[in-house]
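2 protein chains.
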Amino acid sequence: MNIAILGFGTIGSGVYEIIQHAATDEVKNLHVTHILIRKGKDKTLPIMCDDIQTIFDDPQVDLIVETIGGIEPAHTHIMNAIQAKKHVVTANKAVVAKYLKDFNAAAVNNDVHFYYEASTGGGIPWIQGLEKALRIDAVDCIHGIFNGTSNYILDHMYRYQATFDDVLKDAQHLGYAEADPSADIDGFDISNKIRISASIAYNHPITDQFPIFGIRNILKEDVQFFSSKGFVVKLIAKTKRKGNTYDCIVEPMLFGKNQIEANIQENYNLISLHGDTIGELKFYGQGAGKLATANAVIQDIIDISENKSHRQCSFNNTMQYDSTLCNHDYILRCNPSLQSLFKELEYEPIAHSYFHIKHVEATKMHAILKEILECDPTAFMASIYEEEQSC
Amino acid sequence: MNIAILGFGTIGSGVYEIIQHAATDEVKNLHVTHILIRKGKDKTLPIMCDDIQTIFDDPQVDLIVETIGGIEPAHTHIMNAIQAKKHVVTANKAVVAKYLKDFNAAAVNNDVHFYYEASTGGGIPWIQGLEKALRIDAVDCIHGIFNGTSNYILDHMYRYQATFDDVLKDAQHLGYAEADPSADIDGFDISNKIRISASIAYNHPITDQFPIFGIRNILKEDVQFFSSKGFVVKLIAKTKRKGNTYDCIVEPMLFGKNQIEANIQENYNLISLHGDTIGELKFYGQGAGKLATANAVIQDIIDISENKSHRQCSFNNTMQYDSTLCNHDYILRCNPSLQSLFKELEYEPIAHSYFHIKHVEATKMHAILKEILECDPTAFMASIYEEEQSC
């Protein structure tokens, strides 16, 4: 099977490296014939080129790996590749979250495959694990630590009593966090991942219209306060289904110290699903990183080269967003003078500037937090995970 | 696809139930046409029969699910089924551990499939997860909590300060443990599971010639002593590879309280692998139980019905058993008068009748324990898990 790689950054070069070095029969069948690099960049390998049309026009190219990232030109390249009757494998969560249904329909129409295991959970065989579960079960809940950067930050703040800024610098130094870390710490990265997961689980394309709150405001003191109450905080994306309705949420969540989620260290990910007959399944591994993510890309390539189709989704199911499905208790930190903003809720003060809010719809709590943040931009909140409420 | 189920106990009836009730297209394609029950038993369903030859002779039967358990007649039935050109799916770890290579060769010769996802890790997609990892990586280490009964016992002893006997009775009452619990608590069940896993990982059939020590002797006081040192004890099966040599071991192992293994509760399983490029992957779920195990059986059936072959193993690799690969520190409890039996080892007493043995080959430590048990049949030991040493 002949492969063209678009982009030669971390993941693209990882894919190339594994294909050059892995010793298994499956990988030995794979050949990288083209690597697309940006115009003007040095062609350090003879197979590098800067004209994508050459790749689309080459009848020898069977499959295109998209590792450029972002929405454009990735979206256009993927569509053009599919229309040129090339299989496409991508690690790009943003473009998959937005265009999954379109890509899928185009692939079906052009009789090629479009796979994206690496887009969600990095090296973790999550997408296929979910697809397999759906062959038998309805999946009614998914939640997880889907982002390595934020987990690294929260884990180091917890275990080493460090400040957010110090750990973020450390993570940037180690290459775990970008120079602009917004996507990771504000929850947009994991919102894409839960959209992709929920779209598959519900066979319905999930939009980005759900509440998202990240960890930018977390203080060392918050982590210590939660710990004193027996909790560890993690940034979680979650979706829940009831019949033909679903809910999605991204927010910091508190886990008891002996729950598995509380013990996920460094930049590892953990993703859970709940199905009718399988019960609870959890998948743990490297959610990012060069070789682990490249491994997931190559798993998709091998499936295509061995003609092992993934589960077919039409994304034509009718599902309604219902903001009332996710209900939690919250611990909120804000200036005590702002209590009037949540006086309609059942709550009690549990320490200076910390409030325990009882059983409230996530959407409602996020709306109130938005008002609070306008007056106290340092405010922070985390929901309390309860096994009975969640999956 | 027409299916005959051999045996109608927990798993067999679970397979039947899911096929009758699941609403997915994949399962709707499956039809149970025969259920083999023991001669003399009531035929409560019209598709029940007690003559296996009818099943082998029926050209309509495509696939046979073996859920009888044990070595014979399961072994003969599976071989006869394969020779009758029927695909076979089994949940039977004992027969798979012993005859994996033979079954596999017979299936290849008869152009049918022989799959056994449910034999190891119950509902956890472990076998296929391992097979997928091997498409790209060499896997150099596998370890896990492979047995729900022993985990239930150890977890309840730890969290509720209970005695072994009380928890065992409780587990038997809940149906988590057999009336004769030896296979679970003495480590034989998980020795079959690590043999199956290692056979796949190394493409070499693994015999049962490696040290096995279970949890029959564990006292409430041991659990409390380990806890006071920061540890939680779990029954672990582990295999390690170095080039063309491998080691296997089954023994109680001590994990730091914030390691994931330490926080696996109730009767859940957790299985880990380490590969070159994927790094560490862990799979968590129900390692036993009617519907979860039946789910794994049906996953295999769907793969066969959709012609999605699993990774082909010849089991023809040449691997040598090397008892020196697994080295651990141990905590040993025995009558202090028996110190002469391990005086050659580096050790220190750490409490009355507890000794910390430093860095010793697992095989050697198990041999010494055997001598100790002859004089003090209540003795117990557990190794200390170290991430650097293990996977």
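Heads up: the protein sequence lines correspond to chains F and P, in order. Just so we're aligned, residue 32 is where the first sequence starts under the numbering used here, counting upward by one. Just so we're aligned, residue 32 is where the second sequence starts under the numbering used here, counting upward by one. Don't be surprised by glycine CBs; every beta carbon is placed ideally from N, CA and C.
For residue j and residue i, believed in contact at Cβ under 8 Å, the rounded distance
i: I415(P); j: C357(P); result: Not quite, the Cβ-Cβ distance comes to about 12 Å (not below 8 Å), so this is no contact.
i: I362(P); j: H387(P); result: 6 Å
i: Y385(P); j: Y277(P); result: With a Cβ gap of about 31 Å, Y385(P) and Y277(P) do not count as contacting.
i: Y189(P); j: V263(P); result: 6 Å
i: L131(P); j: I227(P); result: 6 Å
i: K74(F); j: D93(F); result: Incorrect: roughly 23 Å between the Cβ atoms, too far for contact.
i: I167(F); j: T308(F); result: 6 Å
i: K163(F); j: K339(P); result: The pair is not a contact, with the Cβ atoms about 10 Å apart (cut-off 8 Å).
Residue i to residue j span [Cα, whole Å]
i: T121(P); j: G40(P); result: 13 Å
i: T107(F); j: I36(F); result: 15 Å
i: S421(F); j: K271(F); result: The predicted position of S421(F) is uncertain, since its pLDDT is 47 and thus under 50; no value can be drawn from it.
i: C406(P); j: S371(P); result: 12 Å
i: V126(P); j: G153(P); result: 15 Å
i: A202(P); j: E311(F); result: 20 Å
i: I184(P); j: A323(P); result: 20 Å
i: L165(P); j: A325(F); result: 15 Å
i: V46(F); j: G287(P); result: 35 Å
i: G274(P); j: R364(P); result: 35 Å
i: A225(F); j: S345(F); result: The sequence shown places Ile at residue 225(F), not Ala. Roughly 18 Å separates the two Cα atoms.
i: M79(F); j: S44(F); result: 12 Å
i: F373(P); j: T394(P); result: 14 Å
i: R69(P); j: P242(F); result: 57 Å
i: H305(P); j: T151(P); result: 18 Å
i: G38(F); j: E97(F); result: 7 Å
i: D82(F); j: D89(P); result: 60 Å
i: F256(F); j: H383(F); result: 11 Å
i: E379(F); j: T409(F); result: 20 Å
i: I216(P); j: D239(P); result: 17 Å
i: Y147(P); j: A128(F); result: 35 Å
i: G160(F); j: V328(P); result: 15 Å
i: Q114(P); j: H235(F); result: 45 Å
i: K321(F); j: F87(P); result: 50 Å
i: F397(P); j: T64(F); result: The question names Phe, but residue 397(P) is His in the sequence shown. Distance between the alpha carbons of H397(P) and T64(F): 54 Å.
i: N347(P); j: I295(P); result: 36 Å
i: G71(P); j: H341(P); result: 38 Å
Contact test: residue i Cβ vs the ligand ATP heavy atom, cutoff 8 Å
i: V139(P); result: You won't find the ligand ATP in this model; it holds no ligand whatsoever.
Closest by C-alpha distance to residue i, when choosing among the options
i: S258(P); options: K269(P), T270(P), E377(P) and M284(P); result: M284(P)
i: A136(F); options: V119(F), Q159(F), Y47(F) and I86(F); result: V119(F)
i: I221(F); options: Q317(F), K124(F), D73(F) and I50(F); result: K124(F)
i: F399(F); options: E148(F), V96(F) and L369(F); result: Before going on, a small fix: residue 399(F) reads as Ile here, not Phe. The candidate whose alpha carbon is nearest that of I399(F) is L369(F).
i: L149(F); options: H390(F), I332(F), P408(F) and E417(F); result: Residue identity differs from the one stated: residue 149(F) is Ala in this sequence, not Leu. Of the listed residues, the one whose Cα sits closest to A149(F) is I332(F).
i: T349(F); options: V96(F), H144(F) and I231(F); result: I231(F)
i: A208(F); options: V391(F), S354(F) and A319(F); result: A319(F)
i: E377(F); options: D360(F), H383(F), F145(F) and N140(F); result: D360(F)
i: V391(P); options: M412(P), H187(P) and A382(P); result: M412(P)
i: L76(P); options: E418(P), I66(P), D82(P) and N223(P); result: I66(P)
i: F177(P); options: A169(P), I158(P), Q192(P) and K163(P); result: I158(P)
i: G179(P); options: K74(P), I155(P), Q240(P) and H397(P); result: I155(P)
i: E417(P); options: K389(P), M396(P), T409(P) and A112(P); result: K389(P)
i: F219(F); options: H235(F), I237(F), F244(F) and H204(F); result: F244(F)
i: S181(P); options: E162(P), V143(P) and N248(P); result: N248(P)
i: H62(F); options: S336(F), T85(F) and A293(F); result: S336(F)
i: L205(F); options: E292(F), Q91(F), I99(F) and E297(F); result: E297(F)
i: Q192(F); options: I237(F), L161(F), E252(F) and H144(F); result: E252(F)
i: E282(P); options: A293(P), I95(P) and K265(P); result: K265(P)
Closer than 8 Å at the beta carbon, the chain B residues around residue i
i: I309(P); result: The question asks about chain B, but that chain is absent: this structure's protein chains are F and P.
Quick one: which residues of the segment 313-329 of chain F get their C-beta closer than 8 Å to a C-beta of chain P? List them in chain order. K313, F314, Y315, G316, Q317, G320, L322, A323, A325, N326 and I329
Where the segment 49-70 of chain P meets chain F: residues whose CB sits under 7 Å from a CB there: Within the segment 49-70 of chain P, the qualifying residues are I49, A53, T55, E57 and V58.
Between the segment 47-62 of chain F and the segment 332-341 of chain F, do three or more beta carbon pairs fall short of 8 Å? At 8 Å Cβ cutoff, the stretches touch.
Three Cβ pairs or more, each shorter than 8 Å: is that satisfied between the segment 288-301 of chain P and the segment 98-113 of chain P? no
In chain order, what residues of the segment 168-192 of chain P put their CB closer than 9 Å to some CB of chain F? Considering only beta carbons, the part of the segment 168-192 of chain P lying closer than 9 Å to chain F consists of D168, A169 and R190, in chain order.
Positions along the segment 268-291 of chain F whose CB lies within less than 9 Å of some CB in chain P: Going along the segment 268-291 of chain F in chain order, one finds K288, N289, Q290 and I291 with a Cβ nearer than 9 Å to chain P.
Contacting positions in the segment 250-261 of chain P - beta carbon closer than 7 Å to chain F: none
Three or more C-beta pairs under 8 Å: does that hold for the segment 157-174 of chain F against the segment 191-198 of chain F? no
Taking only beta carbons into account, state which residues of the segment 139-163 of chain P come closer than 9 Å to chain F, listed in chain order. G154, I155, P156, Q159, G160 and K163
Interfacial residues, the segment 328-359 of chain P to chain F, with Cβ spacing under 7 Å: Using a CB distance below 7 Å, the part of the segment 328-359 of chain P facing chain F consists of I329, Q330, I333 and K339, ordered along the chain.
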